[in-house]
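Peer 1: Take this structure, written in structure tokens, and hold onto it; I'll ask about it next.
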Amino acid sequence: MNIRTKLTLRFIAITAIILISGLLMIYIFSAAYRQDEFYTRLQNKAINTATLFIDVDEVNTALLTKIEKDNPINLPSETILIYNAKDSLLFATGAVQAVTVTDSMLSAVRTEDEIRSLEGEHEVLGFVFTGKRGKFVIIAAAIDIYGHKKLKNLLIILMSVFGVSVIVVTITAWLYAGKALQPIANVVNQVSKISISSLDKRLDEGNGSDEIAKLSHTFNDMLIRLESSFLTQKNFIANASHELRTPLTSITGQLEVTLLNERSPEKYKQVILSVLEDIKSLNLLSNKLLLLAQSSMEERERKMQPIRIDEVIWQAKEELLKYQEQYIVNVNLDETLDDEQHLTIIADEQLIKTAVTNMMENSCKYADDHRCEINISPSKGGVKITFVDNGIGIPHDELQKIFEPFFRGSNTLGYRGHGIGLSMVRRILLLHKGSIAIASEVNKGTTIAITLPCIG
3 MNIRTKLTLR
13 FIAITAIILI
23 SGLLMIYIFS
33 AAYRQDEFYT
43 RLQNKAINTA
53 TLFIDVDEVN
63 TALLTKIEKD
73 NPINLPSETI
83 LIYNAKDSLL
93 FATGAVQAVT
103 VTDSMLSAVR
113 TEDEIRSLEG
123 EHEVLGFVFT
133 GKRGKFVIIA
143 AAIDIYGHKK
153 LKNLLIILMS
163 VFGVSVIVVT
173 ITAWLYAGKA
183 LQPIANVVNQ
193 VSKISISSLD
203 KRLDEGNGSD
213 EIAKLSHTFN
223 DMLIRLESSF
233 LTQKNFIANA
243 SHELRTPLTS
253 ITGQLEVTLL
263 NERSPEKYKQ
273 VILSVLEDIK
283 SLNLLSNKLL
293 LLAQSSMEER
303 ERKMQPIRID
313 EVIWQAKEEL
323 LKYQEQYIVN
333 VNLDETLDDE
343 QHLTIIADEQ
353 LIKTAVTNMM
363 ENSCKYADDH
373 RCEINISPSK
383 GGVKITFVDN
393 GIGIPHDELQ
403 KIFEPFFRGS
413 NTLGYRGHGI
423 GLSMVRRILL
433 LHKGSIAIAS
443 EVNKGTTIAI
453 TLPCIG
């Protein structure tokens with residue numbers, strides 16, 4: 003069942019409940035009013051008859067019977083019975099057998115002054131009448147033919163109103179639901195036209211203020227992220243393929259050339275060493291690609307725990323200097339950082355160490371003196387680590403692209419690398435709710451500051 007049908011049925015159900023409640027109240031109040039009005043008429047008629055019989059001396063039983071027989075204001079099937087204090091029947095008019103009068107009934111009338119009951123189609127009224135000659139019990143009964151006809155006609159009218167109202171509400175609700183859901187249908191129609199090859203399309207956000215506009219805006223934001231993700235993935239695959247193909251092509255070429263002719267052991271050794279170097283480069287690239295993938299993992303897949311950032315930096319320094327002995331890394335700790343909590347962060351230790359190592363390596367690699375100065379200082383709500391070098395720097399127009407995967411500066415052609423490091427560092431920092439800022443000047447050096455939230 004679609005939403006339009008559900009909305010229509012709900013409109014019908016709500017309207018039906020309201021109509022039934024309202025019409026039922028009208029019918030119940032009308033029925034009660036008819037009954038009260040009929041009993042009032044019946045009582046007035048009985049009082050007139052009793053007054054003539056009891057208080058008017060000139061009217062006897064025979065005359066009153068004749069008057070009542072030809073009275074045009076008599077009620078349908080009217081019966082009037084008059085009893086004295088001894089429960090003796092003094093006067094009767096109409097079909098006496100239509101009403102069953104018992105001693106208990108007469109006693110109840112004297113006790114309660116008035117009773118009402120229903121015998122078949124007859125509505126019976128008993129009350130005490132006080133005349134010149136004392137108190138009498140009057141029992142009157144009649145059939146409210148016209149009242150019941152009016153009530154029946156009212157019921158037909160109410161049912162007709164209900165039926166017509168439900169039909170009108172059904173049509174109105176169907177049209178209204180269709181109009182209300184039209185923007186959603188438009189969104190569905192627009193979304194159905196978007197494929198993997200047309201992620202640049204965007205949904206019409208309309209007036210920009212209602213819920214559908216917000217939905218379209220949210221979907222457009224998702225499309226922007228998807229487009230960016232697909233483009234990044236496409237570029238990543240292309241660049242990764244190129245980076246992987248370069249050492250593989252070199253290895254293949256060297257081996258093929260070597261196999262063309264017999265070589266001396268020395269030549270074979272040179273080829274093997276060259277191939278080994280390419281394999282190391284390939285292995286390094288594979289490790290970086292793996293780390294880049296790990297930096298994109300969801301938080302639940304990472305091992306987050308409290309770690310001291312200064313200890314991680316010292317460990318990274320020791321590991322870097324083991325295979326790059328010519329590098330010089332100086333770590334400076336701000337004196338105001340005397341609280342351990344200001345140096346403790348919640349992080350994946352391996353990823354943070356990878357990011358720090360990459361920053362150290364870049365600073366040393368691109369500087370003639372292979373020196374990197376690291377300053378650890380407090381920051382608002384976190385800890386700030388600054389990496390400073392006096393290397394080749396980054397051209398100003400390339401600073402915005404420096405964090406793109408596989409992007410390398412135009413002045414780095416003479417240096418080994420793949421352009422993965424800073425992209426990986428940025429992803430790792432984003433995963434840890436950190437930030438990175440870079441300032442650089444060609445041939446003067448680069449300063450990169452990263453900030454991570456601490457627990458203190």
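Residue numbering for the sequence shown follows my numbering, beginning at 3 and increasing consecutively. For each residue, glycine too, the CB sits at the ideal point set by N, CA and C.
1. Please report the residue range of the beta strand (DSSP E) in which L433 lies.
2. Just the C-alpha distance for Y325 and H219, rounded to the nearest angstrom, thanks.
3. From V190 to L9, what distance separates their C-alpha atoms?
4. Taking the Cβ atom as the reference point for each residue, do K446 and N392 lie within a distance shorter than 8 angstroms?
5. Keeping to the same chain, check which residues put their C-beta closer than 6 angstroms to that of V273; ignore five residues upstream and five downstream.
6. Going by DSSP, what residue range makes up the beta strand (DSSP E) through Y85?
7. Got a sec? Which residues, its chain only, sit under 6 angstroms from G501 by beta carbon, not counting five neighbours each side?
8. Is it buried or exposed for I457, if we count other Cβ within 10 angstroms and need 16 for buried?
9. Since T449 contacts T359 with CB under 8 angstroms, what's their CB separation in whole angstroms?
10. The beta strand (DSSP E) with I141 in it runs from where to where?
11. Once DSSP output is grouped into helix, strand and coil, what is the label at F93?
12. Please state whether the Cβ-Cβ distance between L92 and I82 is less than 8 angstroms.
13. If contacts are defined as beta-carbon pairs under 8 angstroms, then I14 and A175 qualify, I think. What distance do you get, rounded to the angstrom?
14. Nearest CA to the CA of L21: which residue from L286, D212, S167 and I158?
15. Okay, do the segment 194-210 and the segment 23-32 touch, 3+ Cβ pairs below 8 angstroms being the bar?
16. Can you check which of these residues, N377, S425 and L415, is closest to A451 by C-alpha distance?
17. So what's R302 in DSSP terms, helix, strand or just coil?
18. Quick one: residues in its chain with C-beta nearer than 8 angstroms to the C-beta of H344, no 5 flanking neighbours on either side, listed in chain order?
19. In its own chain, which residues sit with a C-beta less than 7 angstroms from the C-beta of D280, not counting the 5 before and 5 after it?
20. For F31, report the span of its alpha helix (DSSP H) as first-last.
21. Taking a contact to mean a Cβ-Cβ separation below 8 angstroms, would you say A144 touches L26 in this structure?
22. Identify the residues that DSSP records as bridge partners of G384: which are they?
23. Note down the Cα distance separating F129 from V171, rounded to an integer number of angstroms.
24. Which term fits E80, buried or exposed, when burial requires 16 or more other beta carbons within 10 angstroms of its beta carbon?
25. Could you tell me the distance, in whole angstroms, from the CA atom of Q317 to the CA atom of Q402?
26. Excluding the 5 residues preceding and the 5 following P78 in the sequence, name in chain order all residues of the same chain whose CB lies nearer than 7 angstroms to its CB.
27. State the CB to CB distance for the pair L323 and V331, rounded to an integer number of angstroms; the pair is presumed to be in contact (CB under 8 angstroms).
28. Sorted by chain position, which residues of the same chain lie with C-beta nearer than 6 angstroms to R302's C-beta, five sequence neighbours on each side aside?
29. Which residue marks the beginning of the beta strand (DSSP E) containing Q328, and which one marks its end?
30. Tell me V130's beta-bridge partners as DSSP assigns them.
Peer 2: Straight from the coordinates:
1. Here residue 433 refers to the residue found at position 431 of the sequence shown. Element bounds for L433: not the beta strand (DSSP E) but the alpha helix (DSSP H), G423 to L433.
2. Indexing the sequence shown from 1 puts residue 325 at position 323. Indexing the sequence shown from 1 puts residue 219 at position 217. Cα-Cα distance, rounded: 51 angstroms.
3. Looking up residue 190 in the sequence shown gives position 188. Looking up residue 9 in the sequence shown gives position 7. Between V190 and L9, the C-alpha separation is close to 18 angstroms.
4. Taking the sequence shown and counting its residues from 1, one reaches residue 446 at position 444. Taking the sequence shown and counting its residues from 1, one reaches residue 392 at position 390. Taking 8 angstroms as the Cβ cut-off, K446 and N392 qualify as a contacting pair.
5. Numbered from 1 along the sequence shown, position 271 holds the residue referred to as residue 273. By the criterion of a C-beta distance shorter than 6 angstroms, V273 is surrounded in its chain by Q256 and T260, once the five residues flanking it on both sides are discounted.
6. Counted from its first residue, the sequence shown places residue 85 at position 83. Run containing Y85: T81 to Y85, per the beta strand (DSSP E) assignment.
7. Because the chain here runs from 3 to 458, residue 501 falls outside it and cannot be looked at.
8. To locate residue 457, count along the sequence shown from 1; it is residue 455. Classification of I457: exposed, given that the 10 Å Cβ count is below 16.
9. Within the sequence shown, the letter at position 447 stands for residue 449. Within the sequence shown, the letter at position 357 stands for residue 359. Actually they do not touch by this definition, with Cβ atoms about 18 angstroms apart.
10. Here residue 141 refers to the residue found at position 139 of the sequence shown. Here the beta strand (DSSP E) through I141 covers G136 to A144.
11. Stepping through the sequence shown from its first residue, residue 93 is reached at position 91. DSSP, read as helix, strand or coil, puts F93 in strand.
12. Here residue 92 refers to the residue found at position 90 when the sequence shown is read from its first residue. Here residue 82 refers to the residue found at position 80 when the sequence shown is read from its first residue. Taking 8 angstroms as the Cβ cut-off, L92 and I82 do not qualify as a contacting pair.
13. Stepping through the sequence shown from its first residue, residue 14 is reached at position 12. Stepping through the sequence shown from its first residue, residue 175 is reached at position 173. Contact flag correct, Cβ pair sits at about 6 angstroms.
14. Sequence index remark: in the sequence shown, residue 21 carries index 19 (1-based). The candidate whose alpha carbon is nearest that of L21 is S167.
15. Between the segment 194-210 and the segment 23-32, the count of Cβ pairs shorter than 8 angstroms is below three; the stretches do not touch.
16. Along the sequence shown, read from residue 1 onward, the residue named residue 451 stands at position 449. Per the Cα distances, N377.
17. Here the question's residue 302 lines up with position 300 in the sequence shown. With a pLDDT of only 44 at R302, under the threshold of 50, the placement of this residue in the model should not be trusted; the figure read from the coordinates follows. Helix.
18. Counting from one through the sequence shown, the residue named residue 344 turns up at place 342. The beta carbon of H344 sits closer than 8 angstroms to the beta carbons of P380, V385, C456 and G458 from its chain, once the five residues preceding and following it are set aside; these are given in chain order.
19. For the purposes of this step, residue 280 is taken as residue 278 along the sequence shown, with counting starting at 1. Beyond the five residues adjoining it in sequence on each side, D280 comes within less than 7 angstroms, by CB distance, of P249, S252 and I253 in the same chain, given in chain order.
20. Here residue 31 is taken as the residue at index 29 of the sequence shown, counted from 1. First-last of the alpha helix (DSSP H) with F31: I5 to I56.
21. Looking up residue 144 in the sequence shown gives position 142. Looking up residue 26 in the sequence shown gives position 24. One thing to note: A144 has its Cβ no nearer than 8 angstroms to the Cβ of L26.
22. If you number the sequence shown from 1, residue 384 lands on position 382. By DSSP's assignment, G384 forms a beta bridge with S381 and P455.
23. As a first step, residue 129 is located in the sequence shown; it is residue number 127 there, counting from the start. As a first step, residue 171 is located in the sequence shown; it is residue number 169 there, counting from the start. Rounded to the nearest angstrom, the gap between the Cα atoms of F129 and V171 is 50 angstroms.
24. Here residue 80 corresponds to residue number 78 of the sequence shown, with the count starting at 1. Buried: at least 16 other Cβ atoms inside 10 Å.
25. Taking the sequence shown and counting its residues from 1, the one referred to as residue 317 is at position 315. Taking the sequence shown and counting its residues from 1, the one referred to as residue 402 is at position 400. Inter-residue distance for Q317 and Q402 is about 31 angstroms (C-alpha atoms, whole angstroms).
26. One-based indexing of the sequence shown puts residue 78 at position 76. Cβ contact annotation for P78 (same chain, cutoff 7 angstroms, sequence separation greater than five): A144, I145 and I147, in chain order.
27. Counted from its first residue, the sequence shown places residue 323 at position 321. Counted from its first residue, the sequence shown places residue 331 at position 329. Between L323 and V331, the beta carbon gap of about 7 angstroms places them in contact (Cβ cut-off 8 angstroms).
28. By one-based count along the sequence shown, residue 302 stands at place 300. For R302, the pLDDT reaches just 44, beneath the cut-off of 50, and the residue's location in the model is therefore unreliable, leaving the point undetermined.
29. As a first step, residue 328 is located in the sequence shown; it is residue number 326 there, counting from the start. Segment: none, Q328 is in no beta strand (DSSP E) and carries neither H nor E.
30. Here residue 130 is taken as the residue at index 128 of the sequence shown, counted from 1. Per DSSP, the beta bridge partners of V130 are V139.
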